[in-house]
Amino acid sequence: MARAVTTRRKILTTAVAWTIGLLIFFPIYWTILTSFKSEAQAINDPPLFFFFDWTLENYSVVQDRSDYMRFLWNSVILAGGSTIIGVLVGVPAAWSMAFVPSKRTKDILLWMLSTKMLPAVGVLYPISLLFVQFGLLDTRIGLIMVLMLINLPIIVWMLYTYFKEIPVDILEAARMDGASLRQEILFVLTPMAVPGIASTMLLNFILAWNEAFWTLNLTAANAGPLTAFIASYSSPEGLFFAKLSAASTMAIAPILILGWFSQKQLVRGLTFGAVK
Amino acid sequence: MATQHSRSAARLMMAPAVILLLGWMLVPLTMTLFFSFKKYLPMRGDSLERGLDWVGFANYTRFIGSSSFWPSVQSTLIIVGGVLVITVILGVLLAILLDQPFWGQGVVRILVIAPFFVMPTVSALVWKNMFMDPVNGILAHLWRFFGAEPVSWLSDASVQSIILIVSWQWLPFATLILLTAIQSLDSEQLEAAEMDGANPLARFFFIVLPHLSRAITIVILIQTIFLLSIFAEIFVTTGGSFGTRTLTYLIFQRVVDSQNIGLGSAGGVYAIILANIIAIFLMRIVGKNLDA
Chain A
34 MARAVTTRRK ILTTAVAWTI GLLIFFPIYW TILTSFKSEA QAINDPPLFF
84 FFDWTLENYS VVQDRSDYMR FLWNSVILAG GSTIIGVLVG VPAAWSMAFV
134 PSKRTKDILL WMLSTKMLPA VGVLYPISLL FVQFGLLDTR IGLIMVLMLI
184 NLPIIVWMLY TYFKEIPVDI LEAARMDGAS LRQEILFVLT PMAVPGIAST
234 MLLNFILAWN EAFWTLNLTA ANAGPLTAFI ASYSSPEGLF FAKLSAASTM
284 AIAPILILGW FSQKQLVRGL TFGAVK
Chain B
462 MATQHSRSAA RLMMAPAVIL LLGWMLVPLT MTLFFSFKKY LPMRGDSLER
512 GLDWVGFANY TRFIGSSSFW PSVQSTLIIV GGVLVITVIL GVLLAILLDQ
562 PFWGQGVVRI LVIAPFFVMP TVSALVWKNM FMDPVNGILA HLWRFFGAEP
612 VSWLSDASVQ SIILIVSWQW LPFATLILLT AIQSLDSEQL EAAEMDGANP
662 LARFFFIVLP HLSRAITIVI LIQTIFLLSI FAEIFVTTGG SFGTRTLTYL
712 IFQRVVDSQN IGLGSAGGVY AIILANIIAI FLMRIVGKNL DA
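Protein sequence lines correspond, in order, to chains A and B. Sequential numbering of the first sequence, starting at 34, is according to my numbering. Sequential numbering of the second sequence, starting at 462, is according to my numbering.
Shown next as structure tokens:
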């Protein structure tokens with residue numbers, strides 16, 4: 034039985050919820066809006082909320098001055114590469130833990146989780162040193178590996194919780210019908226696992242895209258992704274609000290759109306399956 | 462049911478992930494432990510090739526004894542605690558609000574969640590410049606509009622400003638998880654309480670809040686782990702000055718700015734121990750869930 038709600042109460046709730054929602058969203062809205070202003074309009078007092086001369090100039094300036102596209106490309110490669118490798122390593126592990134569990138499975142899962150909690154700053158110097166030794170500093174491959182490793186626990190955990198939901202009976206039935214392990218994985222398991230794998234990849238891509246400790250500390254001009262690109266705006270020269278906004282908008286737009294598709298997976302992924 | 466064959470296959474499939482994570486954990490951890498017992502100042506001629514002097518626990522005592530240690534612990538506690546209080550309280554209220562029927566639920570939910578997807582460097586810089594700039598920021602405009610003197614947020618109210626920025630980033634996470642938990646609440650229980658004459662406040666404290674307690678614990682533990690290591694938000698705003706030097710940032714400065722690897726490593730070991738204490742609690746909860 035659904036609870037009866039009076040129209041008056043619904044109108045009130047709507048008003049309050051929208052006000053709060055818009056207030057929380059305002060900084061993002063303001064950033065996007067400012068990116069279409071001239072620098073003078075960007076700092077106008079009173080602030081201009083809609084009526085100003087819309088311009089795309091900032092976007093071309095940002096690209097010309099700092100080669101935005103290269104940073105964007107680095108972000109795509111780093112987030113994409115670490116996600117793909119992470120899933121390639123994580124799927125077999127999660128599969129075996131979900132379908133051939135042993136006494137130690139739980140301990141291994143919890144241990145993996147514990148590696149995620151290692152504070153990055155505690156191992157900053159060793160990792161930098163190893164990067165220098167192996168010539169990985171400011172390379173994409175080095176950072177792909179680091180991003181993959183810091184997110185691997187989340188990948189394994191998420192996949193594990195998804196795989197756990199696949200009914201084992203179906204696998205047994207396939208086995209009865211004479212399916213080999215390979216066939217079992219390929220024709221029975223994969224179709225059922227694809228949605229879970231896709232959600233895992235989506236969330237992991239977002240996390241890798243936004244990672245801002247290793248990407249700031251292990252990159253320079255070469256492999257720097259958008260997080261580093263934006264950080265270079267922290268010591269500004271002259272008027273720059275509109276340009277900062279344009280750069281920011283370009284850095285967050287793709288992930289905002291992806292993020293909206295991943296709300297549910299976010300809960301599962303970041304609570305390690307403890308809240309679904 | 463699992464055969465010997467499938468067991469060894471399973472072990473093989475698990476191997477890459479386990480080996481990679483084991484290496485990722487053990488190698489740097491061992492190095493940090495090693496350096497923490499050494500005098501290692503690369504700028505003053507110490508180098509790995511020539512060997513480092515063993516100094517015992519000197520780095521550990523010096524790290525704690527330094528005048529910046531306790532202030533950094535204090536900043537850490539205030540920032541982490543402040544963000545936790547704000548995000549959990551507002552998160553519970555927002556989750557209850559978003560659970561009510563109203564028009565445009567989907568859109569509002571998207572608006573509320575959005576900040577979580579903004580990369581830390583962007584949110585920190587947008588807040589720092591476009592909102593908290595004492596001359597041109599939105600807040601300065603607002604203050605002047607009401608005839609007040611604009612505040613230099615990041616120098617005069619630096620800790621509060623960092624708390625505000627980080628809370629804005631993490632409120633969506635708390636809200637989303639608490640909303641998910643609230644939606645699993647049995648509505649019949651609420652209705653029964655309503656019929657028995659329990660007022661909204663009583664229903665909140667005796668039904669909703671107990672139901673949320675597990676989710677709240679999880680939110681607190683997970684956020685604590687992430688908040689203890691916030692970095693970009695401080696890096697691009699105050700750079701650790703004006704009382705915003707957290708433990709993480711202090712270690713970062715010891716390693717990167719003053720190039721005192723031994724001292725920084727000792728600090729790193731402290732940070733690792735601290736994180737592990739919290740991790741134990743989180744793992745207990747998550748582990749319980751695994752049996753179910």
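Glycine included, every Cβ here is placed at the ideal spot set by N, Cα and C.
Rounded straight-line distance, which links the Cα of residue j to that of residue i
i, j, result
"A:Lys136", "B:Arg468", "12 Å"
"B:Phe742", "A:Leu277", "41 Å"
"A:Trp247", "A:Ile76", "33 Å"
"B:Val717", "A:Glu72", "35 Å"
"B:Leu558", "B:Val546", "18 Å"
"A:Trp328", "A:Ile174", "For chain A, the structure presents residues 34 to 309; residue 328 of chain A sits outside this window and is missing."
"A:Gly114", "A:Gly292", "18 Å"
"B:Val534", "A:Tyr158", "21 Å"
"B:Ile626", "A:Pro60", "11 Å"
"B:Gln720", "A:Leu162", "13 Å"
"A:Tyr193", "A:Ile141", "12 Å"
"A:Arg103", "A:Ser265", "14 Å"
"A:Arg215", "A:Thr223", "11 Å"
"A:Arg42", "B:Leu673", "24 Å"
"B:Tyr521", "B:Gln684", "27 Å"
"A:Ile110", "A:Ile44", "46 Å"
"B:Phe692", "A:Ala245", "8 Å"
"B:Tyr731", "B:Ser622", "27 Å"
"B:Ala585", "B:Trp614", "13 Å"
"A:Ile187", "A:Val201", "23 Å"
"B:Trp629", "A:Ala241", "20 Å"
"B:Gln644", "B:Phe495", "49 Å"
"B:Met492", "B:Ala476", "24 Å"
"B:Leu555", "B:Thr636", "6 Å"
"B:Thr707", "A:Met225", "45 Å"
"A:Trp377", "B:Pro671", "Residue numbering for chain A in the displayed model covers 34 to 309; residue 377 of chain A lies beyond these limits and cannot be assessed."
"B:Pro611", "B:Leu481", "52 Å"
"A:Gln166", "B:Leu646", "54 Å"
"B:Pro595", "B:Pro661", "42 Å"
"A:Thr304", "A:Gln298", "10 Å"
Interface partners of residue i on chain B, CB under 9 Å
i, result
"A:Trp87", "What A:Trp87 touches in chain B: nothing, since even the nearest Cβ is about 18 Å away."
"A:Tyr266", "Thr582, Leu586, Asn590, Val697"
Boundaries of the alpha helix (DSSP H) in which residue i is found, first to last residue
i, result
"B:Leu694", "According to the sequence shown, residue 694 of chain B is Glu rather than Leu. It spans 693-696 - the alpha helix (DSSP H) in which B:Glu694 sits, taken as one unbroken run."
"B:Pro671", "670-689"
"A:Tyr193", "173-197"
"A:Thr223", "223-243"
"A:Asn91", "90-99"
"A:Lys43", "40-67"
"A:Asp202", "201-209"
"B:Val568", "566-574"
"A:Phe274", "274-294"
"B:Leu615", "614-617"
"A:Ser267", "Neither: A:Ser267 is in no alpha helix (DSSP H) and is coded neither H nor E."
"A:Thr248", "247-250"
"A:Trp87", "Where A:Trp87 is concerned, there is no enclosing alpha helix (DSSP H), given that its DSSP letter is neither H nor E."
"B:Glu652", "648-656"
"B:Glu610", "It is not in any alpha helix (DSSP H) - B:Glu610 carries neither H nor E in the DSSP assignment."
Proximal chain A residues relative to residue i, where beta-carbon distance stays under 8 Å
i, result
"B:Ile468", "The sequence as given places Arg at residue 468 of chain B; Ile does not occur at that position. Result: Val133, Ser135."
"B:Met475", "Pro125, Ala126, Ser129, Met130, Ile141"
"B:Thr709", "Pro152, Val154"
Residue environment, residue i, which counts as buried when at least 16 other CB atoms sit within 10 Å
i, result
"B:Ala653", "exposed"
"A:Arg98", "exposed"
"A:Ala35", "Since pLDDT at A:Ala35 reaches only 48, below the 50 mark, its modelled position is unreliable, and no value is offered."
"A:Asn243", "buried"
"A:Arg301", "buried"
"A:Met209", "exposed"
"B:Trp515", "exposed"
"B:Glu694", "buried"
"A:Asn91", "buried"
"B:Arg715", "buried"
"A:Met145", "buried"
"A:Asn184", "buried"
Where residue i meets chain A, residues with beta-carbon distance less than 9 Å
i, result
"B:Val479", "Ala126, Ile141, Trp144, Met145"
Contacts of residue i in chain B (Cβ-Cβ under 7 Å)
i, result
"A:Asn243", "Met580, Pro581"
Contacts of residue i in chain A (Cβ-Cβ under 7 Å)
i, result
"B:Pro489", "Val156, Pro159, Ile160"
Cutoff 9 Å: residue i Cβ touching any chain C Cβ
i, result
"A:Gly211", "Judged by its chain identifiers, the structure shown contains no chain C, and its protein chains are A and B."
Proximity test, residue i beta-carbon vs the ligand FMN heavy atom, cut-off 8 Å
i, result
"A:Ile187", "The ligand FMN is not part of the structure shown, which contains no ligands of any sort."
*asked:* Runs of 4 residues minimum, wholly inside the region 501-554 of chain B: which ones carry the alpha helix (DSSP H) assignment?
replied: Listed in chain order, the complete alpha helix (DSSP H) runs (minimum 4 residues) inside the region 501-554 of chain B are 519-526.
*Identify every run of the beta strand (DSSP E) within the region 116-149 of chain A, keeping only runs that are complete inside it and at least 3 residues long; order them along the chain.*
As far as the region 116-149 of chain A is concerned, it has no whole beta strand (DSSP E) run of at least 3 residues.
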